[in-house]
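One point on numbering: in UniProt numbering, the residue at position 76 of the sequence shown is 76, and numbering is uninterrupted. Don't be surprised by glycine CBs; every beta carbon is placed ideally from N, CA and C. Working notes, structure below.
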Amino acid sequence: MTVREQNGQAVFGPVPSRRLGMSLGVDLILPKTCSLDCIYCEAGPTTLHTSQRGRFRDPEELLNQVRERLAELENPPDYITLAGSGEPSLNLDMGAILTELRKLSSAKLAILTNATLATDPQVRKEMCLADTLIPSLDAVSPEVFRRVNRPVKGLDIKEIIEGIALLSREFKGELILEILLVEGVNDHPGEIKGLVEAAAYINPSKVQLNTVVRPPALESAGPLSDQRMQEIAALFTVPTEVCSLPANQSGKDSGNLAEEIVELTKRRPCTLDDIVSMTGLGQAEVKEMLVSLTREDKVLVEQFGDKAFYRGV
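Take a look at the structure:
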């Protein structure tokens, strides 16, 4: 398969991550290419729904963007993370890119993945080149899997769980199993019991429970209360924590901050405080920049709960 895009911004951040400290994001695919179309996804609805691997970006162009971004930073990031606007393991060059990223920085390497391709031994082999893996698992029953994750045709949740378990056994680094709970969708007792059992079978380094904290793809996808999240966490037999928002940190970045803000918020909607943390600028300065970007129709404002989120256009 030919490369689908020769250019385009593939690097974003560093941004403060709840799990990885300051993380420089690398987007291996094109928005929004994924094997799932999760109702809670902060990147919005899937536009290319596929489980077929392909080549989406020129690897050398992507690596050059990483080199340039690293050169702009006062301090190296804690992690370089394959993440962004879809499923990174769909990129056939993932293994080769991980190998080259290892040579560019002292930062650790992480992959955020929906794990739907963990059934493939080659994909698992490539994932094992990272230091930290964060696969997600939001359902154990086919019905709830279809409802919360809206998979492409042909994916089997039982096979995916087995793939994650194999990955956990083969991987030598830290494997964090992320479970995202949506109120009234995958939080009923039967599904929670199944998730607890699946987590015990997978035996990750730890489980991180999350809920909807940013504007989701489907407006009706809502969060669980903090108390309910803690109650569910107590049911797991492997180490489990409830995710919280990252503490304010400064990436101390240089360069075109307005452009960086647009690129970041294209991949996930951010609050004013998120952007202050990312840029290290004062709140008043960020507000002024966001007003300008909104007037230029480069950023939209979305209300979710009691917070305003900014999404790049």
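Buried or exposed for residue i, please, with buried defined as at least 16 other CB atoms from any protein chain shown within 10 angstroms of its CB.
i: residue 81; result: buried
i: residue 295; result: exposed
i: residue 200; result: exposed
i: residue 104; result: exposed
i: residue 253; result: The predicted model places residue 253 with a pLDDT of 42, which falls under 50 and marks its position as unreliable; any figure quoted below should be read in that light. With 16 or more Cβ atoms within 10 Å of its Cβ, residue 253 is classed as buried.
i: residue 65; result: buried
i: residue 301; result: exposed
i: residue 91; result: buried
i: residue 285; result: exposed
i: residue 67; result: exposed
i: residue 78; result: buried
i: residue 274; result: buried
i: residue 189; result: exposed
i: residue 178; result: buried
i: residue 234; result: exposed
i: residue 60; result: exposed
Go to residue i, then tell me how far its beta strand (DSSP E) extends in each direction, as first and last residue.
i: residue 210; result: 206-211
i: residue 23; result: 21-26
i: residue 135; result: 132-135
i: residue 82; result: 79-82
i: residue 69; result: Segment 59-72 is the alpha helix (DSSP H) holding residue 69; no beta strand (DSSP E) there.
Classify residue i as helix, strand or coil using the three-state DSSP reduction.
i: residue 165; result: helix
i: residue 193; result: helix
i: residue 99; result: helix
i: residue 152; result: coil
i: residue 114; result: coil
i: residue 311; result: strand
i: residue 219; result: coil
i: residue 48; result: strand
i: residue 300; result: strand
i: residue 125; result: helix
i: residue 108; result: strand
Using alpha carbons as the reference points, say which of the options lies closest to residue i.
i: residue 158; options: 119, 167, 130 and 172; result: 119
i: residue 209; options: 218, 215 and 231; result: 231
i: residue 237; options: 162, 203 and 285; result: 203
i: residue 213; options: 95, 46 and 303; result: 303
i: residue 211; options: 45, 171 and 184; result: 184
i: residue 226; options: 182, 155, 135 and 130; result: 182
i: residue 102; options: 128, 170 and 112; result: 128
i: residue 23; options: 98, 11, 153 and 31; result: 11
i: residue 49; options: 151, 134 and 142; result: 151
i: residue 228; options: 217, 197 and 180; result: 180
i: residue 272; options: 242, 297 and 306; result: 306
i: residue 72; options: 26, 45, 14 and 193; result: 14
i: residue 322; options: 40, 28, 26 and 16; result: Residue 322 lies beyond the stretch modelled for the chain, which goes from 1 to 313, so this question has no answer here.
Can you find the residues in the same chain that come closer than 6 Å, C-beta to C-beta, to residue i, ignoring five residues on each side of it along the sequence?
i: residue 239; result: 206
i: residue 87; result: 34, 35 and 114
i: residue 123; result: 89 and 117
i: residue 47; result: 32
Kindly indicate the opening and closing residues of the alpha helix (DSSP H) around residue i.
i: residue 260; result: 257-267
i: residue 14; result: Run containing residue 14: none in the alpha helix (DSSP H); it sits in the beta strand (DSSP E), 11-17.
i: residue 145; result: 142-149
i: residue 174; result: Here residue 174 belongs to no alpha helix (DSSP H); instead the beta strand (DSSP E) covers 174-181.
i: residue 294; result: 283-295
i: residue 238; result: Here residue 238 belongs to no alpha helix (DSSP H), and DSSP marks it neither H nor E.
i: residue 43; result: That residue, residue 43, is in no alpha helix (DSSP H); it is neither H nor E in DSSP.
i: residue 29; result: That residue, residue 29, is in no alpha helix (DSSP H); it is neither H nor E in DSSP.
i: residue 226; result: 226-233
Here's a check: name, in chain order, each residue in its chain whose Cβ is nearer than 8 Å to the Cβ of residue i, leaving out the five neighbours to either side.
i: residue 299; result: 261, 262, 265, 290, 293, 310, 311, 312 and 313
Leaving aside the five residues before and after residue i along the sequence, list all residues of the same chain whose C-beta is less than 7 Å from its C-beta, in chain order.
i: residue 139; result: 145, 148, 149, 157, 186 and 191
i: residue 269; result: 42, 214, 215, 302, 309, 310 and 311
i: residue 168; result: 175, 202, 203 and 204
i: residue 93; result: 55 and 59
i: residue 100; result: 63
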